[in-house]
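Trainee:
There are 2 protein chains.
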Amino acid sequence: MASPTAYARHDHHRCIDDALLAARRICKTQGARLTTLRERVLAKVWQSHRPLGAYAILELLAEDGEGHPAPPTVYRALDFLQEQGLVHRLSSLNAYIGCDSPGQPHDSQFLICRHCQVTVEVASRKVSEAVARCAEAKDFNIQHSNVEIVGDCPNCQKKAL
Amino acid sequence: MASPTAYARHDHHRCIDDALLAARRICKTQGARLTTLRERVLAKVWQSHRPLGAYAILELLAEDGEGHPAPPTVYRALDFLQEQGLVHRLSSLNAYIGCDSPGQPHDSQFLICRHCQVTVEVASRKVSEAVARCAEAKDFNIQHSNVEIVGDCPNCQKKAL
DNA sequence: GCGCAAATTGCAATATTATAACATTTTATT
DNA sequence: AATAAAATGTTATAATATTGCAATTTGCGC
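Same order as they appear, the protein sequences are chains A and B. Residue numbers for the first sequence follow the numbering used here, so the first one is 394 and each next one is one higher. Residue numbers for the second sequence follow the numbering used here, so the first one is 394 and each next one is one higher.
1) Taking the straight line between their C-alpha atoms, what separation do you get for Tyr448 of chain B and Leu430 of chain B?
2) Considering only their Cβ atoms, is the gap separating Ile542 of chain A from Gln502 of chain A smaller than 8 Å?
3) Taking its Cβ as the centre, do 16 or more other Cβ atoms sit within 10 Å of Ser517 of chain A, making it buried, or is it exposed?
4) Please list, in chain order, the chain B residues whose beta carbon lies closer than 7 Å to that of Ala523 of chain A.
5) Asp500 of chain B CB to nearest chain A CB: under 8 Å?
6) Please tell me whether Leu471 of chain B and Tyr489 of chain B are closer than 8 Å, where the distance is taken between their beta carbons.
7) What are the start and end residues of each continuous beta strand (DSSP E) run of 3 or more residues lying completely inside the segment 462-497 of chain A, in chain order?
8) Let me know if Leu479 of chain A comes out buried or exposed under the rule of 16 or more other beta-carbons within 10 Å of its beta-carbon.
9) Using Cβ-Cβ distances below 9 Å, what residues of the segment 424-436 of chain B are close to chain A?
10) Would you verify that the beta carbon of Ser485 of chain A is, or is not, closer than 8 Å to some beta carbon of chain B?
11) Which residue wins for smallest C-alpha separation from Gln536 of chain B, given the options B:Ala530, B:Gly544, B:Ala525 and B:His406?
12) So, helix, strand or coil for Ser538 of chain A, using DSSP?
13) Taking only beta-carbon positions, decide if Arg507 of chain A is within less than 8 Å of chain B.
14) Run down chain B in chain order and give the residues with a C-beta less than 7 Å from the C-beta of Ile490 of chain A.
15) What does Ala528 of chain B touch in chain A if you count any residue whose Cβ is under 8 Å from its own?
16) Val540 of chain B and Val438 of chain A: beta carbons closer than 8 Å?
17) Nearest chain A C-beta to Val480 of chain B closer than 8 Å, yes or no?
18) Kindly list, in the order they appear in chain B, the residues whose Cβ is closer than 7 Å to that of Asp472 of chain A.
19) Kindly give me the distance between the Cβ atoms of Cys420 of chain A and Leu413 of chain A, rounded to whole angstroms, as I take these residues to be in contact under 8 Å.
20) Around the C-beta of Thr512 of chain B, are 16 or more other C-beta atoms found within 10 angstroms, so that it is buried, or is it exposed?
21) Give a yes or no on whether the minimum CB-CB distance between Pro511 of chain A and chain B is below 8 Å.
22) Which residues in chain A sit within 9 Å of Lys531 of chain B, going by Cβ to Cβ distance?
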């Protein structure tokens with residue numbers, strides 16, 4: 394199992410660039426409008442592999458100088474990005490993170506490090522299936538599932554925190 | 394698979410009574426103090442099989458007439474109840490629900506109906522194991538996992554909503 | 001029972017996250 | 001260019017949660 398990029402030293406500019414390119418491609422094919430603002434918000438979300446709160450995004454946007462949007466603006470952009478499957482919301486943190494594999498619908502789980510906050514998205518068929526069976530067994534019809542796993546990432550384990 | 398109590402017509406007073414009895418027993422053995430306030434909060438949480446927000450609990454307490462606690466009071470009681478494993482917090486709803494099988498530590502998942510909000514706690518070994526394997530595969534050390542599944546409960550499916 | 005320390009609760013203020021309502025601007029299309 | 005729809009701006013406020021400190025209650029040793 395290759396270690397997720399997020400845990401390794403890597404050229405993060407590439408993560409950002411890839412995310413923006415994918416977003417443009419997806420929005421184009423969907424006929425959705427990836428405006429400047431939305432793209433700026435997406436870029437901020439992708440500034441790291443840590444989930445970012447709406448107000449943190451707001452501050453980062455303000456630092457750019459190009460306009461100081463108000464909360465509704467950011468929330469609307471985030472709503473749009475979620476609808477397009479470009480970002481996920483982590484409800485246990487009230488924060489947002491870029492989607493790892495946008496475009497195709499997928500069921501994902503999140504590994505959230507409680508020390509460094511680095512968060513990795515995984516798409517485990519085993520987990521998805523187990524969840525599906527578990528719901529079926531109770532005659533429950535799944536619309537959406539949210540799996541957030543909190544613990545220690547490999548890096549932080551090494552640091553013996 | 395027996396249908397969960399929450400979905401069936403049942404004597405709900407018994408759910409409340411059982412929860413309170415179990416809570417007293419558990420706190421006693423743990424040397425934890427289940428005060429009047431904490432017990433009142435627990436009773437409110439158990440008033441239904443729907444998750445309840447902190448401010449909703451606050452209002453219910455106020456209706457009783459016996460003092461109108463302020464938010465911190467309720468949040469502290471909820472923190473205590475969570476520490477004792479007597480209630481769970483559903484982060485996707487910012488709401489709290491009574492624990493189904495308090496006492497022993499357990500890994501649970503929640504089936505949340507998007508129509509009637511009735512929420513059932515399940516403890517699927519398959520899901521727990523799949524989650525554990527998925528984390529292991531990324532060399533991630535789980536501290537806690539949160540699985541919230543949103544969809545249509547059996548009753549609401551029948552009503553064809 | 002009495003006094004002390006610790007735990008709990010009360011209380012006021014405030015922080016944080018999110019949305020409502022409506023005005024304005026931008027965009028795509030005619 | 002005119003229009004309608006979409007997006008953004010703006011102001012205010014709602015909903016959720018916490019901080020800090022004072023007052024009270026409780027458990028416990030004496």
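Idealized CB from N, CA, C, for every residue including glycine. The structure presented is a predicted model; accordingly, all values stated were derived computationally and were not measured.
Mentor: Based on what the coordinates show:
1) Within the second sequence, the letter at position 55 stands for residue 448 of chain B. Within the second sequence, the letter at position 37 stands for residue 430 of chain B. So the two alpha carbons sit approximately 15 Å from each other.
2) Position 109 of the first sequence, counted from the first residue, corresponds to residue 502 of chain A. Position 149 of the first sequence, counted from the first residue, corresponds to residue 542 of chain A. Result yes, Cβ atoms of Gln502 of chain A and Ile542 of chain A sit closer than 8 Å.
3) Counted from its first residue, the first sequence places residue 517 of chain A at position 124. Burial call: buried.
4) Your numbering for residue 523 of chain A matches position 130 in the first sequence. The answer, in chain order, is Ser517, Lys519, Val520 and Ala523.
5) On the second sequence, position 107 is the one that residue 500 of chain B refers to. No, Asp500 of chain B lies away from the interface with chain A (no Cβ there is under 8 Å from its Cβ).
6) Locating residue 471 of chain B in the second sequence gives position 78, counting from the first residue. Locating residue 489 of chain B in the second sequence gives position 96, counting from the first residue. In this structure, Tyr489 of chain B lies closer than 8 Å to Leu471 of chain B by Cβ.
7) 480-483 and 488-491
8) For this step, residue 479 of chain A is matched to residue 86 along the first sequence. Buried, by the Cβ-count rule.
9) none
10) Position 92 of the first sequence, counted from the start, is the residue given in the question as residue 485 of chain A. Output row for Ser485 of chain A: interface = yes.
11) One-based indexing of the second sequence puts residue 536 of chain B at position 143. Ranking the options by Cα distance to Gln536 of chain B, first place goes to B:Ala525.
12) Within the first sequence, residue 538 of chain A is the residue found at index 145, counting from 1. Here Ser538 of chain A carries a strand assignment [DSSP, helix/strand/coil].
13) Counting from 1 along the first sequence, the entry for residue 507 of chain A is found at position 114. Yes - at least one Cβ of chain B is within 8 Å of the one on Arg507 of chain A.
14) In the first sequence, residue 490 of chain A corresponds to position 97, counting from 1. Per Cβ cutoff of 7 Å: no residues; Ile490 of chain A is ~15 Å from chain B at best.
15) Locating residue 528 of chain B in the second sequence gives position 135, counting from the first residue. Going along chain A in sequence order, the residues near Ala528 of chain B (Cβ under 8 Å) are Leu504, Ile542 and Gly544.
16) Along the second sequence, one-based indexing puts residue 540 of chain B at 147. Along the first sequence, one-based indexing puts residue 438 of chain A at 45. Contact flag unset, no.
17) As a first step, residue 480 of chain B is located in the second sequence; it is residue number 87 there, counting from the start. So no, Val480 of chain B is outside the interface.
18) In the first sequence, counting from the first residue as 1, residue 472 of chain A sits at position 79. Among the residues of chain B, none has a CB under 7 Å from the CB of Asp472 of chain A; the nearest is roughly 16 Å distant.
19) Position 27 of the first sequence, counted from the first residue, corresponds to residue 420 of chain A. Position 20 of the first sequence, counted from the first residue, corresponds to residue 413 of chain A. Not confirmed; about 11 Å, so no contact.
20) Taking the second sequence and counting its residues from 1, the one referred to as residue 512 of chain B is at position 119. Thr512 of chain B comes out buried.
21) Along the first sequence, one-based indexing puts residue 511 of chain A at 118. A small correction: the amino acid at residue 511 of chain A is Val; Pro does not occupy that position in the sequence shown. Val511 of chain A does not count as touching chain B.
22) Locating residue 531 of chain B in the second sequence gives position 138, where the first residue counts as 1. The contacting residues are Met394, Ser396, Pro397, Tyr400, Leu504, Val513, Val515, Cys546 and Pro547.
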